[in-house]
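Position in the sequence shown counted from 1, then plus 494, gives you this note's numbering. Note that CB positions come from ideal geometry on N, CA and C, so glycine has one too. Below is one structure, written out as structure tokens, with a few remarks after it.
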Amino acid sequence: NEKDAETVSGGKKEKFTISNYTNVRIPYTVDGKRTTRPYGGSVWTTYRGGIIKFDYDFGLSGVQLRKYNLSDGSKYAFKYDYRTPYSKDIDLFKIA
């Protein structure tokens, strides 16, 4: 049952969707697992908290890490971040 699954896995089951509204490949991880679909949408189910990590600026060498805790049942999209002066910055936005 679901309660036993939480006990065995160490956490509550969470499910969310991540889309990519940019024209670039965005490698990212959720709870340490790397995406296999860096260009398109992915539906994730996890028992480990839903922590996403990604590089938000491809224009700089190295990794400029951004990290968020995703919410169960939500939909997110990578988009260009026009709030910054750098045209290559991206961020993850909640869309639903």
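{"Check": "Proximity winner among Phe587, Lys582, Ile589, relative to Arg519 (alpha-carbon distances)", "Outcome": "Lys582"}
{"Check": "Unbroken beta strand (DSSP E) run spanning Asp549, endpoints", "Outcome": "545-549"}
{"Check": "Chain-order list of residues whose beta-carbon lies under 7 Å from that of Tyr515 (same chain, five-residue window excluded)", "Outcome": "Ala571, Phe572, Lys573"}
{"Check": "Host beta strand (DSSP E) of Leu559 (start-end)", "Outcome": "559-563"}
{"Check": "Residue interval of the beta strand (DSSP E) (run including Phe572)", "Outcome": "569-574"}
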